[in-house]
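Written out below as structure tokens is the structure these notes cover.
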Amino acid sequence: MTFNTQGPSESDLGKDANVLIMELNKGFQSTNLGIQCKTIAQFPSVLEKYPFPVVINSILLKITQIFCDGNNYLRLCILRACTECRTHFKKLTVCEDIIRKLLPFTESNDPTVRALTLRLFGILNEITRDHLGVHHAILKQIESHYEVESDAAVWACHTVAPISSVFAASLCPILCKILNNLSVDMGTKLKLLCLGKHMHHNSVVAEEIRHCLTAMLETYNTTDFVTGILDTLTVLETRAPLHVHVQINLLIKRLSFDQRPQLRQSVLWNLLTLAENVSHHFEKSHILELSSLYHGENCSKMDKSLILQIFYCLTTSFHSVEFLTLPSGKESNSVSYYTPVDCIKSALKDASSAYLLVHAIQLACKLTILKGESDQLKYTDDKIGEICIDDDNIEFQFKPGQLIQLLLHHFSTPNNEEGGDISKQKPLWYLYDSQIPVDDLKCIYNLLVEFFSTFPSYASQLHKMNFLEGIKLDGAISTGLLCQFLCTMHAKLSQFLFLNPSITTVDNDMKSVQLNYSNVLSKLTNSIHENGLSPSSFTSTQDCVTSVLATVGLVFQLTGGSPLTQREQTILMHSVAKCLGEKISSSNTSIGSSGYRLSPWIVYQLARQGNRYGQHEFAGKLYEKLSSLAITEKSYFWLTALSEFSQMECKLINLTRNLEIDVQQTISTSNSPVDQPTQPTVLTKKPWVAKLILGLRTASEEACKLQTTIMCVGGSDGRWFQAKYIQIRSLLLINLSNLCSTAYHALRIKRWCGSIFMNQSCRTDSSQFQTAQCVSTNNNNDSNSINMNTSSNLVWISSCVESWNNLSQEISNLRAQCLDADLETHRHLEAITQLVEFFNELLSLIDGSSYSLKFSCIEEYFSSRHGSNSFHTYESDPYGKIVPVLRTLIKEYFPNTTNNTPSVREWLPIIIFKVVQLATHWPRFFFQRLQTTTVRLVLLPKAGSNPDDVLTISNDICHMVQVMGVVQQRSRLTKQTLLRRITAVQIIINVNEISPETIKTNQFTKLNCIFSTKKTAQLKGDYFHCEFCIRFPQSELNNIPFSSSVENVMTTAAGVRQNDRIFCIHAHPILIDDLGSYWDLSANAGASDESVLVRVESLPPGALSTHALNPSDQHHHPQRSDSQETNENLQTIGSHQPSSSISATDASSHSFHQKSNFSKSKIVSRSLDGWKSPPKNRSRRITSHLKSSQ
1 MTFNTQGPSE
11 SDLGKDANVL
21 IMELNKGFQS
31 TNLGIQCKTI
41 AQFPSVLEKY
51 PFPVVINSIL
61 LKITQIFCDG
71 NNYLRLCILR
81 ACTECRTHFK
91 KLTVCEDIIR
101 KLLPFTESND
111 PTVRALTLRL
121 FGILNEITRD
131 HLGVHHAILK
141 QIESHYEVES
151 DAAVWACHTV
161 APISSVFAAS
171 LCPILCKILN
181 NLSVDMGTKL
191 KLLCLGKHMH
201 HNSVVAEEIR
211 HCLTAMLETY
221 NTTDFVTGIL
231 DTLTVLETRA
241 PLHVHVQINL
251 LIKRLSFDQR
261 PQLRQSVLWN
271 LLTLAENVSH
281 HFEKSHILEL
291 SSLYHGENCS
301 KMDKSLILQI
311 FYCLTTSFHS
321 VEFLTLPSGK
331 ESNSVSYYTP
341 VDCIKSALKD
351 ASSAYLLVHA
361 IQLACKLTIL
371 KGESDQLKYT
381 DDKIGEICID
391 DDNIEFQFKP
401 GQLIQLLLHH
411 FSTPNNEEGG
421 DISKQKPLWY
431 LYDSQIPVDD
441 LKCIYNLLVE
451 FFSTFPSYAS
461 QLHKMNFLEG
471 IKLDGAISTG
481 LLCQFLCTMH
491 AKLSQFLFLN
501 PSITTVDNDM
511 KSVQLNYSNV
521 LSKLTNSIHE
531 NGLSPSSFTS
541 TQDCVTSVLA
551 TVGLVFQLTG
561 GSPLTQREQT
571 ILMHSVAKCL
581 GEKISSSNTS
591 IGSSGYRLSP
601 WIVYQLARQG
611 NRYGQHEFAG
621 KLYEKLSSLA
631 ITEKSYFWLT
641 ALSEFSQMEC
651 KLINLTRNLE
661 IDVQQTISTS
671 NSPVDQPTQP
681 TVLTKKPWVA
691 KLILGLRTAS
701 EEACKLQTTI
711 MCVGGSDGRW
721 FQAKYIQIRS
731 LLLINLSNLC
741 STAYHALRIK
751 RWCGSIFMNQ
761 SCRTDSSQFQ
771 TAQCVSTNNN
781 NDSNSINMNT
791 SSNLVWISSC
801 VESWNNLSQE
811 ISNLRAQCLD
821 ADLETHRHLE
831 AITQLVEFFN
841 ELLSLIDGSS
851 YSLKFSCIEE
861 YFSSRHGSNS
871 FHTYESDPYG
881 KIVPVLRTLI
891 KEYFPNTTNN
901 TPSVREWLPI
911 IIFKVVQLAT
921 HWPRFFFQRL
931 QTTTVRLVLL
941 PKAGSNPDDV
951 LTISNDICHM
961 VQVMGVVQQR
971 SRLTKQTLLR
981 RITAVQIIIN
991 VNEISPETIK
1001 TNQFTKLNCI
1011 FSTKKTAQLK
1021 GDYFHCEFCI
1031 RFPQSELNNI
1041 PFSSSVENVM
1051 TTAAGVRQND
1061 RIFCIHAHPI
1071 LIDDLGSYWD
1081 LSANAGASDE
1091 SVLVRVESLP
1101 PGALSTHALN
1111 PSDQHHHPQR
1121 SDSQETNENL
1131 QTIGSHQPSS
1141 SISATDASSH
1151 SFHQKSNFSK
1161 SKIVSRSLDG
1171 WKSPPKNRSR
1181 RITSHLKSSQ
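Numbering-wise (full-length UniProt numbering), the sequence shown opens with residue 1 and increments by one.
Next comes the structure, spelled out in structure tokens:
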């Protein structure tokens, strides 16, 4: 007997749950104690594979029986195993049977047995939460003299009380009685104190426990008791905020007179917890009192940092922001008071504590973002760094200019000025101070990004903070965070970083601090040379590798898509090899080698980083070297495919670089004055266009071949996204090639000599194209005068529009399946969608009826599209940046005159060249996924586990189908947070008649779709369930008209019995996330469909009942009119409705369960794919969800 302890595998998917349960029974019933323990330890994996109520009920009943019959060691094994799968116990439906078997053991003479039983009740809290017998058994053992039993009872209380109001109400008086009893020992009271935080279900219980705990503060003054009571009261107020104001006053009062350091920090942590959860309850007096305590003599640096964190958490409340920004002053009685502004200034003066300084900068930055207004820089670049914001004579008004002064003063490297003192602050303190936690560094970098995004005019001051000095290949986490911050700044605000022209025209010293890839690359090389880093200097952990990858990613980001030279690539690889590599002996080194060897996995990560930032030449070379080191055939072909795909992208970039001079000459020639004697535009030779077309076609063919290679390497389920993404890339290139080729060659052979203009009427009425004529207006050259019907000239336009629409459809289908993709991947796909929509809109405005160009239409069209939400751009993606550039290019390229209108042959290839010139950034989902979602369905009843087993039912009954399913989501992030959480599942049921001859071949030939419906089921944990009622169509023998005579009917019935009809019931899931977006996953993406074969028996000859043939009973079976047949349409997916309309959708589906409707069968002939919804609507839904989540 073997089990898969690592979870379900592909080989086990064909096994039925009954087979696994039988194997479990053999292990449970074994007389060998070792086999029993092994089986108990492995049953959670079965529940993970089949998390359905039927399976859980069967296994838990047997586990309960073993708990009753076994020894204490088996009981302990059961507790450990049940702890692993306790999330599935909420699906149990045999709760009474399990509890009835376990309750007698709470009266056992063995205290260990009683303790193990109580702990099992705690694990099964989902089924024991409302059972009074279990409540009584737990409460009775709280005061047990056996410590093992009392600890088990307290632990069970902690699991049951949070989810059971009945148990909490019963526990509260017992808890108060024990706490007020002076004869109870101190240790027991300390254990029971924490149970008070669960008394939040109603106000009466909360009032009672609060009164008891506050009275204990006056009796017990030890640190442990005071800390436990205050922690319990704070958690209670976060769950039941009835006396938050009183609790804040209690904590501040305790903080003012108690001088014990441990207790003061505990009080401040409680205040921080309240600020995080109920910040709107803080008043002005509370903030001012905390500010006064900040300046107290007994306030340590740790206390001050906690007070600043409290102020930072209060920024989430709008009315608290008003109190936090109060200026310092004096009251009417001339008594000075302190405000948070004074706390910030005091923290900025203290250069001895970087931990305190970080929190002060965080608070100042956050308040400036919330309260600051856009202002102009009041100081020149030479004077802005000389003013210290922490001066007492300067009033901090949370203006952006003041915050910039603060940042320049504290982030810049201190210098020893003439006549001045050396600053006490260490250089690059935010990188090398071990007191600063990593989370605080992340917070401050995020705030800086938010600040510069809110006030982009100040981004030009970023170079003065000397962040460039901290970029080194040292493998530190702080260095990696700095590089990620600079990379984000360059991606979002690259156009604002150097607004001052003087910055780019100053001397070499100023140019050396500019944020460009050459300076960063030189810093990396110098850091390795100066520090003399070697592999023995530090351990090459994952954090170190992540930091180095972030640094390399910054270099790639600063290149702006331009490929690195061969020398720069060599320098970069040598620097990384010296930092992360293993030193090799001099005898094994070759000429030009760095003397260090990198592991293949690090090299693969570097190549992957290059693809994500558009450095495909760099990545392609690394993939080519790694392919020779591959051990398995799968790895070899995967690396080879990546190498060829990278080389394909590299060839396109090199092609555009070679053609750039010719393109610029074409643009300058087209913009030359009309009166100059130049060759007509139509006859001008443009050899670069032919090269561009050939390059695009070659790249598209290579990508198409790579798609097949990718699918063969990983299979359709392992590399489905990669194969689909390469296909979309290939379609995009071939569409660009066809569009450029059609426009270029059509003009070259004079099939169409018209130009374009933005004709709004042609967009709304397609008949306008049929009457338009293509007439040349060149009166100087009669040979170029052509009069041609426009309808024949617009054939190429219609074919191009169709191909672009197909590409948009493919992208929509892919996006609907990318539930587990990260946000950057969806932004990348959305940017490609915007580019496709741009070409679609542009082609729809082309008309060949005139040479004139309506520039006003262009201006109006592109200005309106620029402000539309559908053309929302993502600046971090190259395709997101190119669409507004193309709009600007068209407006600038078309002059405001009708005498110099460029032809389609010229402007379309130029636009396509601008698109091809971009270096594609491969999305993260191409290499790595951050979460995994799988959906499993089960249809009941079914004949067996084999797919060709057929369930036989009678012809005159309705068939009830139960659909059970499980949605399993697993996150790969550090905090196990899901990117998108599924809350509901929409089940689509389709019934098709199949050919009986194709059943044995397992390749069913589906005929017409006779029934279709859908229903939405809400998730309960990870489980969902819904039911459908299906009535199959009757055979022709049963549909004999009532007007027929009895003799004719009997004659027909006496004939040969008709064959049974076989139907296929197919269930398909559509997932709905917490924001109402619909995701139609394929089987490769993690959603498997389920099908059941049903044979409907036909009635035997002579089996017709006489009352069915009696014409007098016709009124019992009224026939449906044709209008009713027409109105009763199939339920299809259609457009995606929001989550608020789910109930309305379900109401129509639930009509199948009404008894009065059983006689009505919704049977309509329809094509096989008629139920499918257009993925484009779903894509727009997902697009709106992604934009709203930003």
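Quick reminder that beta carbons are idealized off the backbone N, C-alpha and C, glycines included. Source: prediction; values computed, not measured.
The way I'd put it, the segment 922–941 doesn't touch the segment 651–669; fewer than three beta-carbon pairs between them come closer than 8 Å. In the structure shown, the three-state DSSP call for I471 is coil. Counting along the chain, E107 sits inside no alpha helix (DSSP H), nor does DSSP assign it H or E at all. Here Q1018 is bridged, per DSSP, to A984. Proximity to Q484 across H463, V449, A459, N466 peaks at V449, based on C-alpha coordinates. Going by DSSP, V205 is part of the alpha helix (DSSP H) stretching over 203–219. Boundaries of the beta strand (DSSP E) harbouring L1071: 1061–1073, taken from the DSSP string. Distance from the CA atom of I882 to the CA atom of S494, rounded to whole angstroms, is 15 Å.
The DSSP assignment places 72–84, 95–102, 111–123 as complete runs of the alpha helix (DSSP H) inside the segment 69–124, in order along the chain (cut-off: 4 residues).
Short of 7 Å from the beta carbon of F28, and not among the five residues preceding or following it, lie these beta carbons of its own chain, in chain order: Q36, T39, K62, I66.
DSSP places L939 within a strand segment (E or B) once states are collapsed to three.
Between the alpha carbons of K464 and L564 lies a distance of about 27 Å. Looking at the DSSP output, F1028 sits in a beta bridge with V961. For P456, same chain residues with a beta-carbon under 7 Å away, outside a window of 5 residues either side, are L493, F496 in chain order. A723 is the residue among A723, V689, R719 whose C-alpha sits nearest the C-alpha of K705. Around the C-beta of M964, 16 or more other C-beta atoms lie within 10 Å, and the residue is accordingly described as buried. Going by beta carbons, T368 and F451 fall inside the 9 Å limit.
For F167, the CB contacts under 6 Å within the same chain, skipping 5 residues up- and downstream, are H135, V160, A161 in chain order. Sequence-distant Cβ neighbours of S353 in its own chain, meaning closer than 6 Å and more than five residues away, are K301. Excluding sequence positions up to five before and after E237, its CB lies within less than 6 Å of the CB of V244, Q247, all in the same chain and listed in chain order.
Counting along the chain, V278 sits inside no beta strand (DSSP E), nor does DSSP assign it H or E at all. Counting only residues of its own chain and dropping the five nearest sequence neighbours on each side, W922 has a CB closer than 7 Å to the CB of N611, R612. Under the three-state reduction of DSSP output, E373 falls in the coil class, being neither helix nor strand. Among the bridge pairs identified by DSSP, R597 is matched with E582. DSSP places T565 in no beta strand (DSSP E); its state is neither H nor E. From the listed residues L930, I988, N25, P1033, the smallest Cα separation to L973 is found for L930. Non-local C-beta neighbours of T223 in its own chain, meaning closer than 7 Å and more than five positions away in sequence, comprise R260, Q262, L263, ordered along the chain.
T888 has its alpha-carbon roughly 51 Å from the corresponding atom of C1009. Take the alpha-carbon of V935 and the one of S1082: they are about 10 Å apart. Residue environment analysis places D1080 among the buried positions, since at least 16 neighbouring C-beta atoms fall within 10 angstroms of its C-beta. Check the Cα spacing between N658 and each of E633, E23, V689: the tightest is with V689.
Cβ contact annotation for S803 (same chain, cutoff 6 Å, sequence separation greater than five): N735, in chain order.
Inter-residue distance for Y355 and L293 is about 19 Å (C-alpha atoms, whole angstroms). Boundaries of the alpha helix (DSSP H) around T488: 477–493.
Only residues of its own chain outside the window of five on either side were considered, and among them Y636, L639 have a CB closer than 7 Å to the CB of A630, listed in chain order. Distance from the CA atom of D151 to the CA atom of I142, rounded to whole angstroms, is 8 Å.
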